[in-house]
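This report concerns only the one structure given below.
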Amino acid sequence: MEHLDLARWQFAITTVYHYFFVPVTIGLSFMVASFETQWLRKRNPQMLRLAKFFGKLFTINFALGLATGLVQEFQFGMNWSAYSRFVGDIFGAPLAIEALLAFFLESTFLGLWIFGWGRIPERLHAACMWIVHAGTLLSAYFILAANSFMQNPVGYRNNPVTGRAELTDFWAVLTNKVQLATFPHTILAAYMTGAAFVLGICLWHVHRRSVPQDQSMYRKGAKFGAWMLLLSGLGVAVSGDFAGKIMTEVQPMKMASAEALYNTQAGAPFSILTVSSLDGQHEKVAITVPKLLSFLGTGDFNGTVHGINQLEAQYKHKYATDPHTRAQTYVPTLPLTYWSFRVMIGLGTAAAAIGAASLWTLRRRDSEPARSRWWPWAAISVVLLPIFANSFGWIFTEAGRQPWLVFGLFTTQSGVSPGVSGAEVATSLTIFTALYAVLAVIEVKLTLRYVRAGAQELEEPSAGADDDADDKLAFAY
244 MEHLDLARWQ FAITTVYHYF FVPVTIGLSF MVASFETQWL RKRNPQMLRL
294 AKFFGKLFTI NFALGLATGL VQEFQFGMNW SAYSRFVGDI FGAPLAIEAL
344 LAFFLESTFL GLWIFGWGRI PERLHAACMW IVHAGTLLSA YFILAANSFM
394 QNPVGYRNNP VTGRAELTDF WAVLTNKVQL ATFPHTILAA YMTGAAFVLG
444 ICLWHVHRRS VPQDQSMYRK GAKFGAWMLL LSGLGVAVSG DFAGKIMTEV
494 QPMKMASAEA LYNTQAGAPF SILTVSSLDG QHEKVAITVP KLLSFLGTGD
544 FNGTVHGINQ LEAQYKHKYA TDPHTRAQTY VPTLPLTYWS FRVMIGLGTA
594 AAAIGAASLW TLRRRDSEPA RSRWWPWAAI SVVLLPIFAN SFGWIFTEAG
644 RQPWLVFGLF TTQSGVSPGV SGAEVATSLT IFTALYAVLA VIEVKLTLRY
694 VRAGAQELEE PSAGADDDAD DKLAFAY
């Protein structure tokens with residue numbers, strides 16, 4: 244494989260792996276803060292136990308997300324130095340703010356939350372987790388602002404002397420129309436993931452019934468998770484519709500590739516399943532919803548959606564003269580974009596369906612979900628479905644932009660490091676893949692160990708006003 248292909252594989256592997264933890268971290272921080280706030284309001288010890296239980300699982304995911312995120316950022320200098328040189332003046336600003344502001348906000352107040360049980364006032368302690376959650380939102384906002392520039396470059400000028408893109412309007416970067424559409428969609432998907440995480444684990448304990456007196460607690464946790472899953476899932480659908488219209492406006496090729504629509508069409512249908520010839524241009528079997536693609540892309544059932552062939556001709560005429568924008572083809576890998584888009588929607592819908600079924604089953608106190616054979620599978624599936632839906636959504640977003648690193652300005656081929664050999668990339672790729680496999684084993688074992696242990700019996704923490712200042716500080720749950 245060539246240097247470019249290996250570099251793309253390495254970035255894809257590290258990014259997708261890192262993104263397993265991101266939505267879980269954002270969503271779980273909200274769920275933990277909500278449980279602790281409910282305890283403060285009603286003094287129900289079950290909510291305190293759930294806050295501590297899922298807080299422990301949150302810290303495990305936070306640690307793994309931190310480690311994998313650092314590796315991802317290093318690659319901009321390792322394998323993509325030409326890209327970093329071209330866009331670093333713009334890309335570096337939101338990433339620097341994310342690290343200096345959002346990350347330190349998260350890590351500082353997470354430390355206060357972990358070690359502050361019984362040592363600081365209760366309300367202040369609960370506020371710490373809300374601040375951690377706010378930090379995760381800020382972190383997501385600045386990272387997505389950087390990514391949104393890649394999707395729709397704004398607030399810059401090209402310097403012909405240095406050959407670099409230079410920042411002229413940071414506010415324009417932060418309020419990019421792609422950013423304003425992507426951020427709520429991403430955050431709502433993260434809420435959906437955190438809610439499903441809570442729902443699945445609580446469902447598993449309801450089915451297990453190892454501690455009968457805790458059934459009420461886990462049922463309450465499952466119901467709260469199910470309601471949050473459905474509400475956030477509805478928000479994902481609405482925000483996704485808005486994001487799709489913005490995507491059609493700024494990257495029409497991505498929408499065309501999501502449907503494998505080769506020719507411009509008014510009132511274009513959306514295919515649920517299509518079997519075509521090997522070149523993809525001749526349908527053999529197609530299950531479609533009439534005019535739905537036009538509505539998703541333009542808001543009008545009779546709207547015009549541009550086709551791949553017409554856009555390819557347009558881009559070759561527009562971009563073929565500049566070495567930074569010249570490419571053999573401007574069409575992304577269609578099977579990847581077509582199926583990742585549908586898998587994303589399908590997995591998210593399946594998770595919402597499990598949430599609705601869980602609420603229906605748990606609607607009465609005398610219902611017995613433990614007798615249903617499908618409950619263990621539902622509990623496991625509902626945790627995994629949103630995680631993989633997020634990953635496939637991210638894959639679609641990035642793969643559908645190809646062959647661009649920065650749409651209309653800089654191709655992926657132009658951004659690779661010129662001084663790095665294929666052997667060097669292959670070596671680092673092998674090392675990272677092996678290391679991530681080890682981290683995956685550690686993550687799964689730690690998570691399963693604490694999930695099986697369940698919520699521990701704990702005393703309510705004191706307000707902290709009369710604590711001895713000389714007491715030894717210890718990490719304890």
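So the sequence shown is residues 244 to 720, counted in our numbering.
In this text, a Cβ means the ideal position worked out from N, Cα and C, and glycines have one as well.
From a predicted model like this one, the values you see are computed outputs, not experimental measurements.
Opposing strand residues paired with Ala408 [DSSP bridges]: Answer is Asn401, bridged to Ala408.
Boundaries of the alpha helix (DSSP H) in which Leu283 is found, first to last residue: Per DSSP, the continuous alpha helix (DSSP H) segment holding Leu283 begins and ends at 246 to 285.
Integer-rounded CB distance, given that Gly540 should sit under 8 angstroms from Met587: Met587 to Gly540, Cβ: 16 angstroms. No contact.
Beta carbon of Phe352 nearer than 9 angstroms to that of Val375: Less than 9 angstroms separates the beta-carbon of Phe352 from that of Val375.
Candidates Pro455, Leu309, Ala622, Gly546, of which the one nearest Ala439 by Cα: Taking Ala439 as reference, the option from Pro455, Leu309, Ala622, Gly546 with the minimal CA-CA separation is Ala622.
Sequence ranges, alpha helix (DSSP H) only - wholly within the stretch 546 to 589, length at least 4: Listed in chain order, they are 551 to 562.
Given Thr592 as reference, the closest of Glu502, Ala486, His560, Leu477 once Cα atoms are compared: Checking every option, the nearest Cα to that of Thr592 belongs to Leu477.
Status (buried if at least 16 other CB within 10 Å, exposed otherwise) for Gly378: Classified as buried, Gly378 has 16 or more neighbouring CB atoms from the shown chains inside 10 Å of its CB.
8 angstroms contact criterion, which Glu686 and Leu271 should meet: CB distance rounded: With a contact defined as Cβ atoms closer than 8 angstroms, Glu686 and Leu271 miss out at about 14 angstroms.
Buried versus exposed, by CB contacts within 10 Å (16 or more), Thr411: Thr411 should be labelled exposed.
Residue span of the beta strand (DSSP E) that contains Trp647, given as start and end: Start and end: 647 to 649.
Beta-ladder partner(s) of Ser514, from DSSP: DSSP lists Thr531 as the beta-bridge partner residues of Ser514.
Exposure of Thr568, with buried meaning 16 or more beta-carbon neighbours within 10 Å: So Thr568 ends up on the buried side.
Straight-line Cα distance separating Pro364 from Ile256: Linking Ile256 to Pro364 through their CA atoms gives a straight-line distance of about 43 angstroms.
Beta-carbon spacing of Leu648, Gly658 below 9 angstroms: Cβ distance < 9 angstroms, so Leu648 and Gly658 count as in contact.
Spatial distance of Met490 from Arg695 (CA atoms): As the crow flies, the alpha-carbon of Met490 is around 43 angstroms from that of Arg695.
Exposure of Ser671, with buried meaning 16 or more beta-carbon neighbours within 10 Å: Its Cβ being crowded by 16 or more others within 10 Å, Ser671 is buried.
Collapsed DSSP secondary structure at Phe544 in the structure displayed: It is coil, neither helix nor strand.
Cross-strand partners of Phe653 (DSSP beta bridge): Looking at the DSSP assignment, Phe653 forms a beta bridge with Val649.
Three-state secondary structure (DSSP) of Ala509: Here Ala509 sits in strand by DSSP.
Residues near Leu283 by beta carbon distance below 7 angstroms, same chain, minus five either side: Cβ within range, chain order: Glu365, Arg366, Ala369.
Same chain only: Cβ atoms within 7 angstroms of Ser324, ignoring 5 sequence neighbours per side: If we look at Ser324 and ignore the five residues flanking it on each side, its Cβ neighbours are Ser660.
Buried/exposed call for Arg251, threshold 16 Cβ in 10 Å: Around the beta carbon of Arg251, 16 or more other beta carbons lie within 10 angstroms, which makes this residue buried.
Under 9 angstroms between C-beta atoms of Val625 and Gly483: Taking 9 angstroms as the Cβ cut-off, Val625 and Gly483 do not qualify as a contacting pair.
Minimum C-alpha distance to Met321 - residue among Phe254, Ala342, Tyr260: It is Phe254.
Short Cβ contact (9 angstroms threshold) for Phe264 with Phe297: A distance of 9 angstroms or more separates the beta carbons of Phe264 and Phe297.
Where Arg644 sits in the DSSP three-state scheme: Three-state DSSP puts Arg644 in coil, outside helix and strand.
Exposed unless 16 or more other CB atoms sit within 10 angstroms - verdict on Val532: Taking every protein chain shown into account, the CB of Val532 has fewer than 16 other CB atoms within 10 angstroms, so this residue is exposed.
Local Cβ density within 10 Å of Thr572, reported as buried at 16 or more and exposed below that: By the neighbour-count criterion, in which a residue is buried when 16 or more other Cβ atoms sit within 10 angstroms of its Cβ, Thr572 is exposed.
Distance between Leu579 and Phe650 (C-alpha atoms, nearest Å): Rounded to the nearest angstrom, the two C-alpha atoms are 19 angstroms apart.
4-residue-minimum alpha helix (DSSP H) runs that sit fully inside the stretch 339 to 404, ordered along the chain: The stretch 339 to 404 contains these whole alpha helix (DSSP H) runs: 347 to 358, 365 to 394.
Residue burial classification, Phe584 (beta-carbon count within 10 angstroms, cutoff 16): With 16 or more other Cβ atoms from the protein chains shown falling within 10 Å of its own Cβ, Phe584 counts as buried.
Which listed residue (Ile515, Met372, Pro403, Asn419) has its alpha carbon closest to that of Phe385: Distance check between Phe385 and each of Ile515, Met372, Pro403, Asn419 places Asn419 closest, using alpha-carbon atoms only.
Contact check, Gln394 vs Val421, beta carbons under 9 angstroms: Against a cut-off of 9 angstroms, the Cβ pair of Val421 and Gln394 comes out as a contact.
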